[in-house]
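A.B. asks: Have a look at this one.
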Amino acid sequence: MRGSLTFPPCSEIVTWTLFTDHIGDHQRKEQLNLLRTLKDTENKCLNRNFRPTQKTNNRTVYHIVAKH
Numbered sequence: 447m448r449g450s451l452t453f454p455p456c457s458e459i460v461t462w463t464l465f466t467d468h469i470g471d472h473q474r475k476e477q478l479n480l481l482r483t484l485k486d487t488e489n490k491c492l493n494r495n496f497r498p499t500q501k502t503n504n505r506t507v508y509h510i511v512a513k514h
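Start counting the sequence shown at 447; every next residue gets the next number (this note's numbering).
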């Protein structure tokens with residue numbers, strides 16, 4: 447889904463990937479720990495970088511189902 451950044455100026459330049467299946471606790475903890483270490487170009491932690499859900503503004507949202 448095409449969308450915008452979660453921080454100002456909220457430019458619409460992002461492709462978001464949304465998953466309907468939840469990942470296991472072990473994988474989730476590993477991913478969260480990794481994400482918590484990310485830093486921006488000024489060496490500041492990338493945290494609290496979310497905002498409320500926005501309207502789709504006529505964007506197409508694709509739903510893809512993986513075959514298992």
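For glycine and all other residues, C-beta sits at the position ideal for the given N, C-alpha and C.
Could you tell me whether the stretch 482-491 touches the stretch 500-511, using the rule of 3 or more Cβ pairs below 8 Å?
C.D. replies: no
A.B. asks: Residues in the same chain with beta-carbon distance under 8 Å from Gly449, minus the five sequence neighbours each way, listed in chain order, please.
C.D. replies: As a first step, residue 449 is located in the sequence shown; it is residue number 3 there, counting from the start. So the qualifying residues of the chain are Glu458, Val460, Thr461, Trp462, Gln500, Arg505.
A.B. asks: Taking the CB atoms as reference points, tell me whether Phe453 and Asn495 lie closer together than 8 Å.
C.D. replies: Stepping through the sequence shown from its first residue, residue 453 is reached at position 7. Stepping through the sequence shown from its first residue, residue 495 is reached at position 49. Closer than 8 Å, so yes.
A.B. asks: Starting from Asp471 and walking both ways along the alpha helix (DSSP H), at which residues does that stretch end?
C.D. replies: Translated into positions along the sequence shown, residue 471 becomes position 25. In the DSSP annotation of this structure, the continuous segment of the alpha helix (DSSP H) that includes Asp471 starts and ends at 471-481.
A.B. asks: Can you tell me whether Lys485 is helix, strand or coil according to DSSP?
C.D. replies: The residue you call residue 485 lines up with position 39 of the sequence shown. Three-state result, Lys485: strand.
A.B. asks: Might you give, ordered along the chain, the residues of its own chain that have their beta carbon closer than 7 Å to the beta carbon of Arg474, omitting 5 neighbours on each side?
C.D. replies: Within the sequence shown, residue 474 is the residue found at index 28, counting from 1. No residues qualify anywhere along the chain.
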